[in-house]
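In terms of the UniProt record's numbering, the sequence shown opens at residue 1 and continues consecutively.
Structure record follows, encoded as structure tokens.
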Amino acid sequence: IMNTSDGDSGGALSVSGPDDVCWKDITKDLKDACGRLEFGGIVRRDGFTFQESMNALELMSPKMDSGMNASEWMDVGQRHKKGIYSLPPRTDLELLAVCDHLLGLEMAWYDGHTLVTSVHSCLYLNKYSLNVLWDQCSDVITRKMKRGSEFSYDGEDATKVLALVSTALFQTVLKTCGIVHTIVKHGDIYEEEDFAPARFGLALGLDIDLDGVERILGLAEIILNGVVDKKAYTGELSEAGCKQLLGLLGFRRKYINALSYMHKEELTGVVEAEGLWKEILSAFDSLGPGRVDKTASELEAEKHVVKVAFDAGINRKILCSSPPRAGPKVDLKETHTLFKDMVSHMLLVCALRHETTYFCLYRALNRLSINEPNIVVRSTIIPMLYSEKQRVLGKYGYEAWIAQNMSEFGVPAEQINSEGGAAYIKFLVKSMYQVLRNVAANRARQRRNIANILPDWNVLYFEGSNYDQEHVQKLVGGKLSEERDLAELRSFMHFSLAGWAEEWTTRLMIYHLLLGFELELYSKFEYDAMMWHLQYLLRKARENRISMNNFNEQTIERLSKSKVKKDKKLAKSLKQKCLSVKSNPLYVKERVFNSIKGFLADGTLRIIIALRKQGRFEYPKYEFGSDRIRYNHRFVPYSFVEYPRALTFDEYLNVTDLSKYEADSLFDDAQAYLKQCKDVISGTMKVGSYDEFEMDELKSLLKVAITNSVTIMRERKQPEGQEIRKVTFEFLENKMFPIITLK
């Protein structure tokens, strides 16, 4: 113990010479001091500041300094020599248990955990373990190389059989992880919460090719089939275990090949991958880690291997600069469900190749995104969107698809095919690619990305307006100028390209706003402003579409009556085209859903204002800050539709001015909007042209409308003088529209 002088407060310590040092055991004193410390307390003395105490904790706490655990750490070789775990696993059931747990760790890696604490926490994937296993089965492999196709099971003992099967399975797992790593890196849409790409120099099967994996899997299958055929079962190899291992080898072969096919250029492997995914899905319930027919012996093996074969800190030396992390907890039933979901999502990705228009693909990607697939699934989408030959889905050109999308909106063909139209479409390619690519990101990042690309769409809107004006000027300068002067022609003019750009802009804004509800980013005190903006955006989208349809009808009417255009067949053809634009099934469905959401937003807004009028909940008053600044900051992404900016803060204050309203009147209006919402949904559900996904969404919106309508009726029946009930907003039925309740 070295003491400073009384006047030395936090200064340099005067170190005594070796002869003057007096060492004293203070263990008991420290124990007594620690016993008196409260949770989170520290021992301090004069000159020992809080900053110094934090540094001391960081440098000396085993939880914060991985070096403090060095004396307890044993590498894989030491653990094997001490018999903590066995090479190969002692029985086929233990090997099955290891593989089940490994699949759970793979799913954890796909969910953002590091490679070190997830997949490579398995001792059997360590280089030492793989080398030992290889040595144990090398004579079998050598015999196979000599005999070739005549090779068969030759009565090898259980240890060699288990070593060979273990080598095949663990090498396949590593190679699978290597392919996944390549897919995700190539897709390049992962965020830190999605995927941890750092390898830390750990093996990912880069030293073995896919053909090599196939060969060793085939060799293991031959040996296991020989054991089953000759019924050469032992204490280590059981009939049920061997058959389960054979199924597992087949599963691993299909899984690695399906991933490999998904990564081929130009979608050349998607058809083969789709077949493999279907086979995996159909057989997985009997092979997966959550299978229900596990025996007591299998469950006992699981408990054993989890204790001895996995350690999230086994590779801590390569992470010495950071505190050790606990590994992910693996629930085998959850792993089973997650993997089945992943395969189902992969099948949806494979089905994308059947989409034939830009809007169809965008809609299909949105549906897939709602299911929240993992990063591996989402990364396989990217090569489909912009392949090496710059063709979406490997066969369509972006410019052709954009032109088709404009035609579906109603932009005249002569304008699309004009020089200005062609230049505008070429200018759009990058932005339209970004729209599709964004849907492959996770839900939170999609919202952020939309806010970043909306300014670009504002530019596209004005570029479209310029091309529209140029097109009109050319029409005026041509033969049509003899029949109509400029003023009359402008009265019939619609900004077609600008209108198309506005539709996509409002579509992105609506998506951005609704994602905020799904991600729970809004305070309940913002719900009225959000619903106000939502109904405004939905109205803008509807008015823009109606304006385009009206323009087309007027154009057809002019052409059919024109002296220059007397061709009745042409007029009929144009009319049919206009009607097809109005009745395009996908756009009709979008308009129906927008109409339903508009009624629901109108009703919800009025309920909120009415409840505020009744004093059901008060908005907070902050001592610091500005409501105006918060409002303007929140709604920056929605300021690209109109100039000057629509829905200013002053207008918001005017709309939500409680002195202008009576609660009963607002409730009446809300009930009327909710009734319209219910009527539209009921009529829509009777049509029969909506698929299961759309029907589920309609049902969820209907439940929200009905429940909020009941809330209004209950509120009106509340006796006077009864205690004011608390208003709650719950997203139980629909992620984007709240159920309002009074509790």
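Every residue, glycine too, gets a C-beta built ideally from N, C-alpha and C.
For this session: Using 10 angstroms around the beta-carbon of Ile546, count the other beta-carbons present and answer buried if the total reaches 16, otherwise exposed.
Result: Exposed is the call here.
For this session: Measuring alpha carbon to alpha carbon, tell me which of Ser626, Leu701, Met346, Leu508 ends up nearest Gly603.
Result: The shortest C-alpha separation from Gly603 is found at Leu701.
For this session: Let me know if Pro620 comes out buried or exposed under the rule of 16 or more other beta-carbons within 10 Å of its beta-carbon.
Result: So Pro620 ends up on the exposed side.
Exercise. Does the segment 635-653 touch the segment 682-698, meaning 3 or more C-beta pairs lie closer than 8 Å?
Worked result: The segment 682-698 is not in contact with the segment 635-653.
Problem set entry | Burial state of Ala12 (16 or more Cβ within 10 Å) | Per-residue confidence for Ala12 stands at a pLDDT of 43, beneath the threshold of 50, marking its modelled position as unreliable; no derived number is given.
Problem set entry | Supposed contact pair Met685 and Thr335 - C-beta distance, whole angstroms, cut 8 Å | Rounded, the Cβ-Cβ distance is 37 Å, inconsistent with contact.
For this session: Determine the burial state of Asp696: buried for a count of at least 16 other Cβ atoms within 10 Å of its Cβ, exposed for fewer.
Result: Burial state of Asp696 is exposed, judged by a 10 Å Cβ sphere holding fewer than 16 other Cβ atoms.
Problem set entry | Residues that residue 754 bridges to, as DSSP identifies them | With the chain covering only 1 through 743, there is no way to say anything about residue 754.
For this session: Identify, in the order they occur along the chain, each residue of the same chain with its Cβ nearer than 6 Å to the Cβ of Leu348, setting aside the five sequence neighbours on each side.
Result: Taking C-beta separations shorter than 6 Å and ignoring five residues to either side along the sequence, the partners of Leu348 in its chain run Leu368, following chain order.
Problem set entry | Own chain residues within Cβ distance below 6 Å of Glu193, not counting five before or after | Gly112.
Exercise. Buried or exposed: which applies to Pro197, given that a residue is buried once 16 or more other Cβ atoms fall within 10 Å of its Cβ?
Worked result: Exposed, because fewer than 16 other Cβ atoms sit within 10 Å of the Cβ of Pro197.
Problem set entry | Where Gln535 falls, given that 16 or more other Cβ within 10 Å makes a residue buried | With a 10 Å radius around the Cβ and a threshold of 16 neighbouring Cβ atoms, Gln535 comes out buried.
For this session: Output the residue ranges of the alpha helix (DSSP H) runs that lie fully inside the segment 645-709 and measure 4 residues or longer, sorted by chain position.
Result: As far as the segment 645-709 is concerned, its whole alpha helix (DSSP H) runs of at least 4 residues are 649-655, 663-687.
For this session: Answer yes or no: do Ala158 and Glu239 have a C-beta to C-beta separation smaller than 8 Å?
Result: No, the Cβ-Cβ distance between Ala158 and Glu239 is not below 8 Å.
Exercise. Between Arg147 and Val227, what straight-line distance do the alpha-carbon atoms span, to the nearest angstrom?
Worked result: Using only the alpha carbons, I get a separation of about 19 Å.
Exercise. Just reading off the beta strand (DSSP E) that Leu742 is part of, what are its end residues?
Worked result: Taken as a continuous stretch (DSSP letters only), the beta strand (DSSP E) holding Leu742 covers 739-742.
Exercise. In chain order, what residues of the same chain lie with their CB nearer than 7 Å to the CB of Met406, ignoring the 5 residues before and after it?
Worked result: So the list reads Ile416, Trp500, once near-sequence residues are dropped.
For this session: Report all residues from its chain with a CB closer than 8 Å to the CB of Lys28; omit the five preceding and five following residues, and keep chain order.
Result: In its own chain, leaving out the 5 sequence neighbours on each side, no residue places its CB closer than 8 Å to the CB of Lys28.
Exercise. CB-CB under 6 Å to Val132, same chain, minus the five flanking residues each way: which ones, in chain order?
Worked result: Here the set comprises Leu87.
Problem set entry | Whether Phe170 touches Leu130 by CB criterion (8 Å) | Contact check for Phe170 against Leu130 passes: the beta carbons are separated by less than 8 Å.
Problem set entry | Where Thr91 sits in the DSSP three-state scheme | In the structure shown, Thr91 sits in coil (DSSP, three-state: anything other than H, G, I, E or B).
Exercise. So what does DSSP say about Val292, is it helix, strand or coil?
Worked result: Collapsing the DSSP output to three states places Val292 in coil.
Exercise. When the distance is taken between beta carbons, is Gly410 closer than 8 Å to Glu470?
Worked result: No.
Problem set entry | Through-space distance from Gln554 to Lys563, alpha-carbon basis | Model confidence at Lys563 stands at a pLDDT of 43, short of 50, so the residue's coordinates are unreliable and nothing is read from them.
For this session: Pair every Cβ in the segment 180-192 with every Cβ in the segment 267-276, then say whether three or more of these pairs are closer than 8 Å.
Result: The segment 180-192, when compared against the segment 267-276, does not touch it at the 8 Å Cβ threshold.
For this session: Reducing DSSP to helix, strand and coil, say where Arg391 ends up.
Result: Strand at Arg391.
Exercise. For Pro383, which residues of its own chain have a beta-carbon under 8 Å away from its beta-carbon, when the five flanking residues on both sides are left out?
Worked result: For Pro383, where only same-chain residues beyond five positions count, the Cβ hits under 8 Å are His186, Gly187, His263, Glu265, Leu267.
Problem set entry | Own chain partners of Lys243 with C-beta closer than 7 Å, once the 5 adjacent residues on each side are dropped | For Lys243, where only same-chain residues beyond five positions count, the Cβ hits under 7 Å are Val228.
Problem set entry | Segment contact, 8 Å Cβ cut-off, at least three pairs: the segment 619-638 with the segment 668-685 | No, the segment 619-638 does not touch the segment 668-685.
For this session: Check Gly397 in the structure and name its three-state DSSP category.
Result: Here Gly397 sits in strand by DSSP.
Problem set entry | Where Thr176 sits in the DSSP three-state scheme | Here Thr176 sits in helix by DSSP.
Exercise. Where does Thr142 sit, in a helix, a strand or coil, going by DSSP?
Worked result: Helix.
Exercise. Quick one: what's got a C-beta closer than 7 Å to Val704's C-beta in the same chain, skipping five residues either side?
Worked result: The residues Leu600, Glu733, Asn734, Phe737, Ile739, in chain order, have a CB closer than 7 Å to that of Val704 in the same chain once the five nearest residues on each side in sequence are set aside.
For this session: Say whether chain B places a C-beta atom closer than 8 Å to the C-beta of Tyr398.
Result: Of the chains in the structure shown, none is chain B; there is only one protein chain.
Problem set entry | Nearest candidate by alpha-carbon position, reference Thr91, set Tyr461, Arg378, Glu300 | It is Glu300.
For this session: With DSSP as the reference, label Thr114 as helix, strand or coil.
Result: Coil.
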